[in-house]
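The structure appears below as structure tokens.
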Amino acid sequence: MRDERSFDEFYRSTSARTLRYGHAVAGDHGEAQDLVQEAYARAWRQWAKLAEHPAPEAWLRLVVSRLAADRFRRLRGWRTAVSRHGPPEDVRPPGEDTVLLVSALRQLPTNQRQALALHYLFDMPVEEIARETGVPTGTVKSWLSRGRSRLAELLPGVSAKELEVNDVA
Amino acid sequence: MSRELDRFYRSLADDTDPRGLIPPDQVRRHADRQARTRVAVGALAAAVLVAGTAVGSHFVLTAGATTPVGPPADTPAPPSVSPAQPATAPSPAAPTGSPRPTGSTSRTAPGTSMSAPGASSSARTPTSIPDRAFFDLAVANSTGMTPAFRSGPVLPALCGAEPGGSGVVQRRARTLAFKLADTPKGYVPDGSYRHSITIYGPGRAVDALAALRKAVRDCPEQEVSGAPGVTSRQRLLDSAGYGDESVLFELRRPFLDVNGQPNGEDEVRLVRAVRIGDVVTVLWEQGWEGTSSPRSQVDADSRRAVDAVRNWWE
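If you read the protein sequences in the order shown, they are chains A and B.
Note that the numbering used here gives residue 91 to position 87 of the first sequence, counting from 1, and the numbers run on in steps of one.
Note that the numbering used here gives residue 189 to position 171 of the second sequence, counting from 1, and the numbers run on in steps of one.
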């Protein structure tokens, strides 16, 4: 039996940061909405079991990551669901930093985006990222290092030297 | 941590938050609707994507056959849905009868010379099945996807039985997706059919349906291929008013979630074989990413399938 209330609580308490994560991994806000909502839909379908999961949010991020890595998902149905919800509220356009970051992230492999998002949005240490992504810590360090270097090339004002000094991956 | 990169990510978070998601109740509703309309491993997508040169259409009306349908190419690994096709160990289908290869993958309608179904004139038995013998979906049910004529099994596995495997003169089969009338354009399909038409030698179509009934009766349960411990249950259902006679049966198995675990619900597949004289047309509803077969839709399309066969002959 799936408990609607506990799912709704989980959704409300985690959806904002999951959407940020989706945005950082997918590199597109609209796509992030689609795949994050799809991930929550999958969570709901098996909520009876997932509610007992020790880390349902990590499970959710895993689904988001893998959906983001798959560009051929049929997620258009969510656009319709969103449109039924009514027109979006007026929101300010994204800031310049966001536009630049998203544009740069699109040039990175998904695994690097994933590692960077977990690091910068969730403050996760390397070991925790390794656990969540199921790869050795050395691999995570490599992803972070390469991702940062590439971002340093693509983003104004980000010094590769500063990254080397301050970022101990 | 780089302060500069941290600033960029903070900006992204700030810009993401105001444009959030739909409320949780809508996510639940949409998810439940998807669950009803998803199929096990989109047989249509697999049929389209799995390589295979369709050569001729003289395949037996038999269960099992080739490789079980795999997941659609667009399904990511962890949230993949398990195959709906409750196939037992595949057994290669051997062509039987004495079919005449006619290049059945051709989309052109070859000339036919035949008798009306039911007439037992073997001298006028047709040797080819034109496109027009296959029904068109109602406009409201059309997904816009082009049906794919492919070889392969035309019945689900039934404990290794091969009903209707003999006496085949000609066969063509296609896979097509459909949507329910109230599903908006742009949604994923609500289901898909494996649709076949088989011409039998005189009197052999009656045998084929009798063999199919027996195969279903003799196979009340079978293990689902690729899902150890998961059982599919088969049973005959009432099916009157279609063609000269018909067989309708269901395959019911637990719906498996993205981790391959049962979620307490069932996934039901409907298969209807209808005989019109010496012709048998089979609609095997294979769903779409886990959907169960909608009975009213299968009934309606069965009628269209029968009408198309009759119009072809007449």
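Backbone N, C-alpha and C define an ideal beta-carbon position, used for all residues, glycine too.
Values in this document were obtained by computation on a predicted structure and should not be read as measured data.
- In terms of Cα proximity to H33 of chain A, the closest of A:V106, A:E131, A:P160 and A:H123 is A:V106.
- Taking 8 Å as the CB threshold, G282 of chain B lines the interface with chain A.
- By the Cβ rule, the region 223 to 237 of chain B does not count as touching the region 304 to 322 of chain B, because fewer than three pairs are nearer than 8 Å.
- For L227 of chain B, same chain residues with a beta-carbon under 7 Å away, outside a window of 5 residues either side, are E263, V265, A291, R293 and V298 in chain order.
- Judged by DSSP secondary structure, E303 of chain B falls within the beta strand (DSSP E) whose first and last residues are V297 to E303.
- Around the beta carbon of V157 of chain B, a 10 Å sphere encloses fewer than 16 other beta carbons of the protein chains shown; the residue is thus reported as exposed.
- Residue state for A30 of chain A is assigned as helix, using DSSP reduced to three classes.
- Beta-bridge partners assigned by DSSP to G209 of chain B: B:F196.
- Contacts between R150 of chain A and chain B, judged by CB atoms closer than 9 Å, are missing: the closest CB pair is about 14 Å apart.
- Here V172 of chain B carries a coil assignment [DSSP, helix/strand/coil].
- When the beta-carbon positions are compared, S184 of chain B and R222 of chain B come within less than 8 Å of each other.
- Considering only beta carbons, the part of the region 29 to 56 of chain B lying closer than 8 Å to chain A consists of S29, L30, A31, D32, D33, T34, D35, P36, R37, G38, L39, I40, P41, P42, D43, Q44, V45, R46, H48, A49, D50, Q52 and A53, in chain order.
- Residues of chain A with a Cβ closer than 9 Å to the Cβ of Y211 of chain B do not exist, since the nearest Cβ in that chain sits about 19 Å away.
- Under the three-state reduction of DSSP output, I133 of chain A falls in the helix class.
- By the criterion of a C-beta distance shorter than 6 Å, S320 of chain B is surrounded in its chain by Y260, R290 and L301, once the five residues flanking it on both sides are discounted.
- Non-local C-beta neighbours of S163 of chain A in its own chain, meaning closer than 8 Å and more than five positions away in sequence, comprise A156, ordered along the chain.
- By the rule that beta-carbons nearer than 8 Å mark a contact, F126 of chain A does not touch chain B.
- The CB of D24 of chain B comes closer than 7 Å to the CB of Y124 in chain A, given here in chain order.
- Its Cα nearest to that of P41 of chain B, the residue A:E8 stands out among A:E8, A:A119, A:R150 and A:A28.
- Relative to the Cα of L269 of chain B, the nearest Cα in the group B:Q304, B:G247, B:G295 and B:G244 belongs to B:Q304.
- Closest option to F153 of chain B, judged by alpha-carbon separation, among B:L23, B:E285, B:V242 and B:S214: B:S214.
- For A49 of chain B, DSSP records no beta bridge to any residue.
- Taking the beta carbon of Y218 of chain B as reference, no residue of chain A falls within 8 Å; the closest one sits roughly 39 Å away.
- Interface flag for P129 of chain A against chain B is unset, since no Cβ pair is found closer than 8 Å.
- With a threshold of 8 Å between beta carbons, Y27 of chain B makes contact with chain A.
- With a threshold of 16 other beta carbon atoms within 10 Å, G247 of chain B falls short and is exposed.
- In the displayed model, Y260 of chain B falls within coil according to three-state DSSP, outside both helix and strand.
- The beta-carbon of L158 of chain A is placed no less than 8 Å from the nearest beta-carbon of chain B.
- By the Cβ-count criterion, G142 of chain A is exposed, with fewer than 16 other Cβ atoms from all chains shown falling within 10 Å of its own Cβ.
- Within the DSSP secondary-structure output, T249 of chain B pairs in a beta bridge with B:E241.
- Checking the DSSP bridge columns, you'll see R190 of chain B partnered with B:I215.
- Under the 8 Å criterion on CB atoms, P58 of chain A is classed as non-interfacial with respect to chain B.
- In the three-state reduction of the DSSP assignment, V139 of chain A falls in the coil class.
- R293 of chain B sits in a strand when the DSSP states are folded into three classes.
- Your pair W63 of chain A and R6 of chain A does not check out as a contact, with CB atoms roughly 15 Å apart and the cut at 8 Å.
- Residue range T114 to F126 is occupied by the alpha helix (DSSP H) that includes T114 of chain A.
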